[in-house]
Amino acid sequence: MSVLASQALAQLAAAPAPSPVPASGSFSLTVWLVLLPLIGAAVLLLSGRRADPWGHLVGVAASVASFLVAVVLFFSLQGHAGDERSIGQHLFSWVPVAGFHVDAGLLLDPLSMAFVLLITGVGSLIHIYSVGYMSHDAGRRRFFGYLNLFVAAMLLLVLADGYLLLYVGWEGVGLASYLLIGFWTFKPTAATAAKKAFVVNRVGDVGLGLAIMLMFATFGTTSFVGVLGNADFVSSGTLTAIGLLLLLGACGKSAQAPLQTWLLDAMEGPTPVSALIHAATMVTAGVYLVVRSGPIFDLAPDARLAVTIVGAVTLSMGALIGCAKDDIKKVLAASTMSQIGYMVLAAGLGPAGYAIAILHLLTHGFFKAGMFLGAGSVMHALDDEVDMRRYGGLRKVMPITFVTFGLGYLAIIGLPPFSGFFSKDKIIEAAFDKGGTSGWVLGTTALVAAGVTAFYMTRLMAMTFFGEARWAKGAHPHEAPSVMTAPMVVLAIGSVCAGGLLVLGGSLQNWLEPVVGQSVEVGAHTISPTVLTLITLLVVGGGVAGGWVVFGRRSIPVTAPAAGPLVVAARRDLYGDAANEALLMRPGQWLTRWLVWFDGRGVDGFVNGLAATIGGGSARLRRWQTGFVRSYALSMFGGAALVVAAVLVVRL
Amino acid sequence: MSPDWWLYLSAALFSVGAAGVLLRRNAIVVFMCVELMLNAVNLTLVTFSRINGDLDGQIIAFFVMVVAAAEVVVGLAIIVTIFRTRRTASLDEANLLKY
Amino acid sequence: MTSLTLNSLALAASHMSTAETVGFWILAPIALLGALGVIFARSAVHAGLLLGLVMLSLGVVYGVQDAQFLMFVQLIVYAGAVMSLFLFVLMLVGIDSSDSLVETLRAQRPLALLLGLGFAVLLVAGIADATTGTTSAGLEEANADGNVLGLAKLLFTRYVFAFELTSALLITAALGAMVLTHREKIGPKLTQKMMMQERVRGGRPSPLPGPGVFARSNAVGTPALLPDGTAASESVSPSVAQTLAGRGVESVVGRHPATIDAQPAPVEPESFEAESFQPETFEAEPFEWAPSSPESPPEPEPATTEEDA
């Protein structure tokens with residue numbers, strides 16, 4: 001099997017990346033994908049309070065218009081043959097330095113198209129939802145401005161035709177994420193969480209930046225065509241370095257271990273933000289980066305192995321944390337971490353997994369966004385209460401939210417025929433098919449985590465919608481207005497159908513084939529797919545049953561009971577923050593303190609001491625400059641005497 | 001008696017002149033001591049001329065005299081100027097250029 | 001060192017005549033003592049005169065050493081012109097500005113004496129070392145056509161360029177001296193008409209009385225006598241009166257003639273700096289005197305000036 005795989009790899013590597021077809025006709029609209037939300041953001045952020053009454057409509061219009069352009073482009077792209085579905089649009093010459101020439105250009109290919117549709121589609125739904133969710137917020141116009149800014153930056157990220165322009169979008173979404181997490185600036189926790197997200201993301205960005213520099217040093221260019229097309233001419237050591245640096249960037253943006261800590265705190269932002277940025281789109285940018293850089297990872301097996309390890313570790317951590325959290329948004333955030341871990345794991349499996357990773361990304365985008373919106377709806381109904389121990393019995397009060405959330409729940413636990421089943425099942429299968437010890441370890445991890453996922457999602461459902469009502473006094477839960485429920489319904493439909501639609505007839509795989517290559521059909525599966533599916537369903541069923549037994553049948557205490565060490569650890573994010581503090585912050589503080597001391601006493605002491613010595617010496621020395629001519633004459637005469645004496649000594 | 005004796009006399013005069021430059025404070029007297037040193041050197045040159053048996057030494061002594069005349073003119077003019085502004089010819093009074 | 005000197009003396013004995021030896025022993029002490037006098041004389045004038053003595057004796061030494069031309073240049077230019085210039089400036093600056101004996105610079109005096117002595121020892125040692133075994137060639141051959149002719153031949157052939165340069169040097173020095181001593185004009189230049197007007201309006205159109213008029217002495221310090229027998233203060237030049245005051249000499253100007261001999265009023269020695277070049281203050285002083293009595297005719301004494309260094 002490994003021989004076959006390596007042959008396929010070699011084939012794949014040998015095939016150069018198709019150079020994009022110049023944009024013409026309707027494809028010249030590509031740039032408007034980015035421009036429309038950007039203009040929306042500019043209008044909203046620059047027009048001031050005048051725009052408060054109608055600003056949110058501009059934001060929604062910009063997002064929806066962008067979505068319509070994306071649909072038009074999608075159908076235009078379908079009109080092309082598979083090999084010609086890569087459309088490049090040159091915008092302007094960006095960095096015209098002698099040895100370094102970077103053009104700003106857009107690349108619309110099937111992979112970008114999938115992301116564009118997800119971003120604009122889900123983004124538009126969340127824009128609409130936000131109209132209702134933020135209706136009482138004084139900063140609604142600003143909120144929509146930031147949302148539009150985010151959409152523009154995210155579209156730039158996925159449409160860029162080179163790593164440098166991608167980096168611009170990458171930083172743009174980071175900025176938008178920072179602004180939106182800290183949107184409620186009056187909350188110190190929100191401000192801290194925003195800062196934390198920003199700082200942790202910078203760590204990853206340094207990795208991406210270094211990767212881009214290394215690419216330029218190696219390939220002399222940073223465009224996808226130039227880098228990916230020439231990857232097989234470069235030593236595997238360099239490629240491994242680039243791959244690991246890219247992985248570091250992906251870890252930061254996608255909240256993968258060890259840079260996962262920011263995502264849970266990022267839930268301080270408004271719920272639509274959590275749904276759009278921290279569930280459906282931005283956090284998946286890391287997956288996009290890995291898949292886009294597939295040719296590099298294909299030739300660097302060590303980097304790929306690292307990707308799978310990161311994915312497996314993160315998906316386990318996310319699942320564990322999700323079991324213990326009482327904050328509904330944090331459970332969903334942990335779940336997001338875990339699901340992105342699945343995607344990263346799949347992306348790390350190489351050509352076999354790229355399409356599956358994207359598939360899971362798309363389905364996850366639907367059901368997780370839908371669940372976040374549902375959570376937002378619940379919070380909206382219960383006066384922004386996030387503690388699930390204060391929920392309970394909401395299914396009768398909020399039927400639409402319950403149904404849409406429930407469909408998302410069924411999708412995420414992977415019950416057929418809901419969308420999560422198709423994607424997650426395939427990831428587990430592909431992990432086992434990797435073969436060898438690593439395949440077994442990864443597959444088992446993914447399988448067990450699927451059961452844990454089912455457990456904690458069942459827990460969430462049980463604590464929120466079932467059981468007795470544990471609402472706070474004076475709470476009057478009610479169903480959300482239709483402007484909020486409509487997007488939830490649409491996303492719920494997506495949660496149900498997306499998986500099936502994308503998998504039936506291998507439609508997504510065929511669509512992505514020009515970009516990620518044909519997924520290798522291995523002749524012999526480690527475990528027969530049918531058997532594996534049955535095992536997976538059995539495990540998931542066990543998780544659901546366990547969750548129901550523990551949380552559905554018993555009454556839930558309003559305050560969290562004391563628990564064992566594992567639960568305590570999960571409640572504290574598996575000590576991620578503590579580890580960061582102990583490993584990075586404290587030593588960093590010691591280092592800076594020592595540096596300050598060294599700078600103050602050592603460097604400054606030396607410099608100041610030198611200056612003081614010279615200054616003091618000069619102050620004494622200058623006393624020789626008495627201004628008395630006769631003193632000077634005495635010195636000169638003494639010198640002359642010395643010269644005469646020296647001459648005499650030499651002569652005698 | 002050897003012409004060396006004139007040289008010893010010249011050395012003595014030169015040293016006395018140098019000591020005078022260091023000891024006296026009146027600018028004019030110091031200037032006189034400088035002239036004394038120049039004269040001592042002239043004596044040396046004349047004696048060398050005699051020892052060597054040619055007149056080059058005397059020529060150089062002649063030039064020294066010319067230069068000394070020019071120097072006296074300028075030096076005394078400077079002293080007069082200083083005196084006019086500071087009302088004193090003491091070297092120790094003109095000590096503004098110091099630390 | 002002594003043995004070295006004796007050695008060289010013995011070797012070069014044949015080149016030095018007895019007359020020269022005698023001349024040396026006469027002139028050398030004069031020159032050396034004169035030089036020492038220059039640096040130890042308190043009065044600058046004395047120092048100048050002693051320097052003249054040294055120069056004169058050196059001129060004679062040149063003559064003894066077959067340098068007749070230089071002898072005359074030394075006597076005329078140095079002992080004559082340069083020393084005159086020195087004394088002239090000395091008088092301009094003020095002969096009474098004698099050095100104080102207190103040395104203000106720390107360790108200057110002992111160090112200067114030590115260095116002077118040490119330098120002399122070093123030079124003597126050097127000369128003794130360098131001239132050991134040398135013989136004097138003498139100038140009989142070079143001065144065959146006469147010293148002046150020999151010098152002129154050299155000066156206008158080998159040294160002609162340097163000779164021409166000295167002319168530039170002298171002209172530059174003359175210009176420099178003029179520039180240095182030039183005074184900036186502060187007020188407008190007085191025309192003859194302005195001076196005449198000033199004199200008429202000044203209250204005294206007539207000439208001032210000369211000193212010594214009707215007095216028993218015509219020294220510049222002696223004021224003229226007015227018809228009533230009192231002294232006329234205007235008759236003594238302000239500069240003379242100021243100098244006299246500066247030296248603490250009692251001035252008879254402005255005092256009743258009867259008191260001149262009886263009680264010399266103590267005159268405060270005024271500081272030279274405060275009063276110099278300010279004749280107005282002198283003239284502005286109140287001119288008080290009582291009418292004289294016929295019994296005591298005025299007998300103004302000529303002011304005695306003490307020659308002080």
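Residue numbers (our numbering), protein chains in the order written: chain A, 1 to 652; chain B, 1 to 99; chain C, 1 to 309.
The C-beta atom is built at its ideal place from N, Cα and C for all residues, glycine as well.
Computed from a predicted structure; not experimentally measured.
What residues of chain C sit near Val644 of chain A, judged by a beta carbon separation below 8 Å? Phe119, Leu122, Leu123, Gly126
Quick check on the DSSP output: the alpha helix (DSSP H) that includes Ala640 of chain A runs from which residue to which? 629 to 651
Can you grab the Cα-Cα spacing for the pair Gly638 of chain A / Val647 of chain A, in whole Å? 14 Å
Go to Val397 of chain A, then tell me how far its beta strand (DSSP E) extends in each direction, as first and last residue. Here Val397 of chain A belongs to no beta strand (DSSP E), and DSSP marks it neither H nor E.
What span of residues does the beta strand (DSSP E) with Gly88 of chain A cover, start to end? 87 to 97
Residues of the stretch 25 to 40 of chain C in Cβ contact with chain D at a cutoff of 7 Å, in chain order, please. Although the question refers to chain D, the structure presented lacks it and instead comprises the protein chains A, B and C.
Buried versus exposed call for Arg554 of chain A [16 or more other C-beta atoms within 10 Å across all chains shown]: exposed
I want to see whether chain A comes within less than 8 Å of Asn95 of chain B, judged by CB atoms only; does it? yes
Using the three-state DSSP reduction, which class does Ser2 of chain B fall into: helix, strand or coil? coil
For Asp4 of chain B, would you say it is in contact with chain A, using Cβ-to-Cβ distances shorter than 8 Å as the test? no
Which one or two residues does DSSP pair with Phe418 of chain A in a beta bridge? DSSP output for Phe418 of chain A lists no bridge partner at all.
Cβ-based burial, Ser528 of chain A [other Cβ within 10 Å; buried from 16]: exposed
So if DSSP puts Ser223 of chain A in a beta bridge, which residue, or which two residues, is it bridged to? A:Gly162
Starting from Asp103 of chain A and walking both ways along the beta strand (DSSP E), at which residues does that stretch end? 100 to 108
Mind pulling the chain C residues with CB within less than 8 Å of Val74 of chain B? Ala173, Gly176, Ala177, Leu180
Near Ala65 of chain A, what residues of its chain come up, given a Cβ to Cβ distance below 7 Å and the 5 sequence neighbours on each side ignored? Leu36
Assuming Arg292 of chain A and Leu111 of chain A are in contact, meaning their beta carbons sit under 8 Å apart, how far apart are those beta carbons, in whole angstroms? 7 Å
Does any residue of chain C bring its CB to less than 8 Å from the CB of Gly638 of chain A? yes
Assigned exposure category for Gln312 of chain C - 16 Cβ within 10 Å defines buried: For residue 312 of chain C there is no data in the structure shown, the boundaries of chain C being 1 and 309.
Can you tell me whether DSSP reads Pro266 of chain C as helix, strand or coil? Residue placement at Pro266 of chain C is flagged as unreliable, the pLDDT there being 47, under the threshold of 50; a coordinate-derived value is accordingly withheld.
Reference Val21 of chain A; option with closest CA among A:Leu359, A:Leu44, A:Ser86, A:Gly82: A:Ser86
Presumed contact (8 Å Cβ cut-off) between Phe422 of chain A and Gly499 of chain A, rounded CB distance: 4 Å
Under a Cβ-count criterion, where at least 16 other Cβ atoms within 10 Å of its own Cβ denotes burial, should Ile342 of chain A be classed as buried or exposed? According to the sequence shown, residue 342 of chain A is Tyr rather than Ile. Buried: at least 16 other Cβ atoms inside 10 Å.
Determine the chain A residues that contact Tyr99 of chain B at a beta-carbon separation under 7 Å, and present them in chain order. Arg622, Arg623, Gln625
Does DSSP put Leu49 of chain C in a helix, a strand or coil? helix
Take Val116 of chain A as the anchor and find which of A:Glu84, A:Phe67, A:Trp94, A:Leu106 has the nearest alpha-carbon. A:Phe67
Beta carbons nearer than 9 Å to chain C: which residues of the stretch 586 to 607 of chain A have them? none
Determine contact between the stretch 247 to 256 of chain A and the stretch 279 to 297 of chain A, defined as no fewer than three beta-carbon pairs at a distance below 8 Å. yes
Short of 8 Å in beta carbon distance, which residues of its chain neighbour Met32 of chain B, apart from the five on each side in sequence? Order them along the chain. Gly20
Bridge-paired residues (DSSP) for Leu502 of chain A: None, per the DSSP bridge assignment.
Tell me which same chain residues have a C-beta within less than 7 Å of the C-beta of Asp573 of chain A, skipping the five on either side of it? Thr261, Leu264, Ile321
For Tyr99 of chain B, count neighbouring C-beta atoms within 10 Å of its own C-beta (all shown protein chains included) and say buried if the count is 16 or more, exposed if not. exposed
Look at the alpha carbon of Ser236 of chain A and the alpha carbon of Leu299 of chain A, and state the distance between them as a whole number of angstroms. 7 Å
For Ala375 of chain A, which of helix, strand or coil comes out of DSSP? helix
Within chain A, the residues that Leu105 of chain C reaches when beta carbons sit closer than 9 Å: Thr626, Phe628, Arg630, Ser631, Leu634
When you check each C-beta in the stretch 8 to 24 of chain B against every C-beta of chain A, which residues fall closer than 7 Å? Ala18, Val21, Leu22
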